[in-house]
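Colleague: Residue numbers (UniProt numbering), protein chains in the order written: chain A, 1 to 345; chain B, 1 to 345; chain C, 1 to 345; chain D, 1 to 345.
Glycine included, every Cβ here is placed at the ideal spot set by N, Cα and C.
Have a look at the structure that comes next, please.
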């Protein structure tokens, strides 16, 4: 199989490249870029010297359609909205890592993203690619809206409770922390080392564009689900997301029962590791891997629940889950090319 | 005035030393240590080479009482419980940076700290030294129980709402993040660089010993205050605490009104800087200083409030607030020796 | 005294502001910026909220000359070359933190900096402001060419040997490491957190523009001094420079004699702390202070000397030394406003 | 094949485990520990939850010899000296990651390591396992003395010049920088986060025990090689070593000729990537991989050479090279199980 990546020079594209290099079912991987065509890829990414000789190619849809079997789009917001209509007539499945295809209601997209939504006929075909929850739909999709990094961590943490109706109209408060690579490779004051190192910032208070994505998915699972409180923080590290989620249960459960709900829910999901009672994951314990590790606790003093969910934002939060969906769509093992042991320390 | 510091080799002691070096009202500062007596202090802390020639002295209460006018205790838990009864008969005010004197109810102390509480006659005399809130009591105290780092950030963030009765029985959820220096200088797996760098950890889920300290103070301000949900996280940085606090208001306020409650509440408190509406502080913006910076937001979608409170854990969260209390007790300006500009970047 | 800072929005300008805030002899400090005129300074630097109400003013030479007594220039390269000729007729001393006035030979400047040099009549008046070595000349200068961060660390490390003729034509190899703040506040791939964190880079191999500055000063002290080998590395930290310097002695000395050369040389220089034999400084031991700490060792196996010199690049390497020169020029104590205890940890 | 690891709880052991998990020729891997026998391995290393169910076993030589085919020793210094004589009679090849078997002359070992050397009959059988340089000897060895992290980076950087006789009696100055994981997992002041973060330290000036290891290998290649000057620095990062090496050539070469010496020398060595002229590697470009990346420059002003060599200290500097040697000894492809793409960013 020949695959292509649009937006190869970003961190998402680089991470797909890393994974694909050892994927058992991919023969060739062609890289497209709007900015650096003609430039050897390892010039942007010297860690790939000797590992790839790819020259970046321009984004020309007809030619792309001609030379590849499967397309990953890892471009900045707005690019998929523009390109997917052109891809619609070709028989090439597309996994889009941007937020462009995730929000079903165009007006919601517009109000959170402050940009024009993708055409409705494209949005209608897009399947929300939260692998563990939507395997069946993913299998046959034309477009996969690959989930955002925060929504992946949050939704995998919430799903066992929401899908079992254990939180109905309860408050859900999400305090999320991310490493800097989530902001992409573009230089800005917000990614400047001296501004971030030895510093801890909160950067969007109830204004993050991943909010409607989380709510849309959770409300689809349970219409009683209510709007969340959601803050995102920037931690002085490169990779990793931790979502600490606070809620309360509709009905009374013991800590053990709660724990079992989680273990049972994910018992057939290789990439979700529910920790033992009393254990909570740290972000580095999934570094470089596709795992989502989850810890859960019931506080008997307040009867509230704390859920801790961690991922590597570039893997399970982007490129890793994209390849997981790619595997599902092609009927291969979900772990093909993805069974990385986390790098520790 | 001659002051003494017990526990000078810890980070809290070193930070008091840094402050006192340029304090206008202190003539001499004698350093006591249980472990390194006879050793020059700059051997433990080479950044003080040429700035101090102090030799660490042993902890002998009679001699201490003889040679100093004022005592700071910055020792590990358990030391103050043991030493304060011996100091009781001397006319020397004591500021204790440990948790030993903070909890009024010995059985509560015992159940959270898992160690023997201080004698009740000492606890009775101890004043909780949250400077901005308890100035009057602090002035005349024999013992100051200097607040913990997390409680300082959390209580300064909550006080305007709790003291004005704006949150009654509402839930209060505190998601706190700290730098590593809060764990002290003792080497352990929990402070090992390779385990923490590029990593984000949650380390106490509803089990942190600062929980009863926060609740005791808030309930004193408003007996309707309810037990909190409290998680502490370790961020890969040296200094700084951010507490992100989530709650809801008893009665409806506009965002502007909420903002004004905070600004008005702290208008006479030099060291609390309430940020303008829509602005939130980062930890590095108070680095090396005694400020507590606070941002607040009302989410109209959910009607919940998010409060962000940051401090330098070694300054306002320990040594800085101790010196602030020292100033209050001596009738000096609260800022004497403490008007450090934050170091940025 | 009223001072002005051109280029206040850069890190150098912010650091001068921090120092000047507690300087005993400065009444007012006016901030000038080419980009953000009319904007409150604390908008660029929220750590200064409540500490300054300055509004950034445009750079208009006539008005500047009218309203201030002393000028600091902390602008990007090229600005001083352009502005100093306009300042020449006014009786205002200028301390320039850029490299524009440091190199006496315009053709050397041009070949290393790849830009047009300042006019010769300005260069002639400029005194190289390495405070400890050139106090007399500094006192009466119109223009101070404030030394670069690397040259400060390197020259203070070399001076005792070069000025005593202990290294003649020997090789001198300088392996320098710097934190990221030395690159300024402008966002670029070279200052992107994700590219630098947990990474160690070499970035100029025998091509750094500070090379001729080091050689010019050392050759002025001893014409036999030979061209150096000089590499600069970027360490994943915000502040701090370490220069590790390797050379060999013309004549044989014992380790003790070598040590004494250094101690004696700096015995009257408050800001240079020569460490005891066998002790070497770390960058954080001077963090936020104006110290240059030096360690030295003779290797008896090879008869070579290793000198380790550390500074805070924004302090002794920029703003701190500028204020030190400001003090010298005004006949005040060298430490006025500058006696910061290093922040540790 | 069944392999065993003694010292599995250290970082070296954990990294071998990570590699072996996807090694095509290893059936089983048994973990031995002197301290945590009976404990599940993932309790020490939660990143391995679900990936291994190993229970740590005690170190009993007879049983070990009985149940495995090949042994890795990743224990603290002194352990191999003690255990290898016991292993001598068994037909099990051993790769030792400690320094115990590297130094041929026991008195040299003793004077640098300050501990008792291994028995001479063991030292005689030990082959120095610098894979690229000693492939033939490695193939048939009973014991491999796996090279130290610094010597690996330094010797791969020096080999093209030393083996070609291009540096004879020239000075060789090595300025090495390492991440903290090289110090192992044991907690100490030297690995305390707050002491290292945002700090840069020099920690052994001409006293590092890797000095004789480098000299022994280089002198074996060319007896004219002279004692080196060698300093090691601790950078605030987890993984990675950069060695910056300064020397001068015996005879005059152009920069291009120099470059070609390096490219040609390593053209058949997959894991050494010589960068193009003018390009220098950063440590993160080999992160998590077995590569050693090398850049080289000739300075025409001084006629000196600068060589920059980077590795991941836990991979090519320890576990990776150990597995590479394991592959060589078994006649497999050198890259078996080792073809990791560096993780970037």
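In chain C, which residues lie with their C-beta within 7 Å of the C-beta of residue 24 of chain B?
Modeller: Correct list: empty, because the minimum Cβ distance to chain C is about 12 Å.
Colleague: On the criterion of 16 or more Cβ atoms from any shown chain inside 10 Å, does residue 131 of chain A qualify as buried, or is it exposed?
Modeller: buried
Colleague: Report buried or exposed for residue 1 of chain D, applying the criterion of at least 16 other Cβ atoms within 10 angstroms of its Cβ.
Modeller: exposed
Colleague: Would the beta-carbon of residue 97 of chain C fall within 8 Å of that of residue 73 of chain C?
Modeller: Going by C-beta atoms, residue 97 of chain C is nearer than 8 Å to residue 73 of chain C.
Colleague: Hey, residue 228 of chain B and residue 214 of chain B: beta-carbon distance below 8 Å or not?
Modeller: At a Cβ-Cβ threshold of 8 Å, residue 228 of chain B and residue 214 of chain B count as neighbours.
Colleague: Tell me the DSSP bridge mates of residue 4 of chain C?
Modeller: C:30 and C:71
Colleague: Would you say residue 316 of chain A reaches chain D, if we count a Cβ-Cβ gap shorter than 8 Å as a contact?
Modeller: no
Colleague: Is residue 86 of chain D buried or exposed, if buried means 16 or more other CB atoms sit within 10 Å of its CB?
Modeller: Flag for residue 86 of chain D reads exposed.
Colleague: Tell me which residue opens and which closes the beta strand (DSSP E) that residue 210 of chain D is part of.
Modeller: It is not in any beta strand (DSSP E) - residue 210 of chain D carries neither H nor E in the DSSP assignment.
Colleague: With DSSP as the reference, label residue 242 of chain A as helix, strand or coil.
Modeller: strand
Colleague: Which one of D:219, D:60 and D:38 has the shortest CA to CA distance from residue 172 of chain D?
Modeller: D:219
Colleague: From what residue to what residue does the beta strand (DSSP E) around residue 322 of chain D run?
Modeller: Taken as a continuous stretch (DSSP letters only), residue 322 of chain D belongs to no beta strand (DSSP E), being part of the alpha helix (DSSP H) at 320-329.
Colleague: Following the continuous beta strand (DSSP E) through residue 295 of chain D, name the residue where it begins and the one where it ends.
Modeller: That run of the beta strand (DSSP E) goes 292-299.
Colleague: Within 10 angstroms of its Cβ, does residue 33 of chain B collect 16 or more other Cβ (buried), or is it exposed?
Modeller: buried
Colleague: According to DSSP, simplified to helix, strand and coil, what is residue 247 of chain C?
Modeller: strand
Colleague: For a quick check, are the C-beta atoms of residue 175 of chain B and residue 244 of chain B less than 8 Å apart?
Modeller: Yes, these two residues count as a Cβ contact at 8 Å.
Colleague: Could you check whether the Cβ of residue 187 of chain B sits closer than 8 Å to any Cβ belonging to chain F?
Modeller: In the displayed structure, chain F is absent; the protein chains listed are A, B, C and D.
Colleague: Which residues, in chain order, does the stretch 251-265 of chain B contribute to contact with chain C at a C-beta distance below 7 Å?
Modeller: none
Colleague: Should residue 316 of chain C be labelled buried (16 or more other beta-carbon atoms within 10 Å of its own) or exposed?
Modeller: With 16 or more other CB atoms across the displayed protein chains lying within 10 angstroms of its CB, residue 316 of chain C is buried.
Colleague: Please name the residue, chosen from D:114, D:292 and D:81, that lies closest to residue 155 of chain D on a Cα-to-Cα basis.
Modeller: D:292
Colleague: If you scan the stretch 138-217 of chain D from start to end, which runs of the alpha helix (DSSP H) of 4 or more residues do you find wholly inside it?
Modeller: 149-163 and 193-196
Colleague: Looking at chain D, which residues of the stretch 5-19 of chain A have a Cβ within less than 7 Å of any of its Cβ atoms?
Modeller: Contact residues of the stretch 5-19 of chain A toward chain D are 11, 14 and 18 (C-beta to C-beta distance below 7 Å).
Colleague: According to the Cβ coordinates, are residue 273 of chain C and residue 39 of chain B closer than 8 Å?
Modeller: no
Colleague: Rounded to the nearest angstrom, what separates residue 324 of chain C and residue 331 of chain C at their Cα positions?
Modeller: Rounded to the nearest angstrom, the two C-alpha atoms are 11 Å apart.
Colleague: Starting from residue 261 of chain D and walking both ways along the alpha helix (DSSP H), at which residues does that stretch end?
Modeller: 255-265
Colleague: For residue 146 of chain C, count neighbouring C-beta atoms within 10 Å of its own C-beta (all shown protein chains included) and say buried if the count is 16 or more, exposed if not.
Modeller: buried
Colleague: Pick from B:262, B:251, B:6 and B:14: whose alpha carbon is nearest that of residue 357 of chain B?
Modeller: Here chain B has residues from 1 to 345 only, and residue 357 of chain B is not among them.
Colleague: Report the residues of the UniProt domain "Semialdehyde dehydrogenase NAD-binding" (2-141) of chain A with a CB closer than 8 Å to any CB of chain B, ordered along the chain.
Modeller: none
Colleague: For residue 113 of chain C, collect the residues of the same chain with a Cβ closer than 7 Å to its Cβ; drop the 5 residues on either side in sequence, then sort them by chain order.
Modeller: 77, 99 and 209
Colleague: Any beta carbon of chain C sitting closer than 8 Å to that of residue 308 of chain A?
Modeller: no
Colleague: Find the nearest neighbour of residue 58 of chain B within the set B:31, B:70 and B:164, judged by alpha-carbon distance.
Modeller: B:31
Colleague: If we define contact as Cβ-Cβ less than 8 Å, is residue 335 of chain A a contact residue for chain D?
Modeller: Chain D, which has no Cβ nearer than 8 Å to the Cβ of residue 335 of chain A, makes this no.
Colleague: Please go through the same chain and pick out, in chain order, the residues whose beta-carbon is closer than 8 Å to the beta-carbon of residue 261 of chain D, but skip the five residues on each side of it.
Modeller: 160, 161, 164, 166 and 253
Colleague: On the DSSP bridge assignment, give the partners of residue 57 of chain B in chain order.
Modeller: B:32
Colleague: Cα-Cα, which of D:300, D:344 and D:289 is closest to residue 336 of chain D?
Modeller: The shortest Cα separation from residue 336 of chain D among D:300, D:344 and D:289 belongs to D:289.
Colleague: State the DSSP-derived secondary structure class of residue 126 of chain D, mapped to helix, strand or coil.
Modeller: strand
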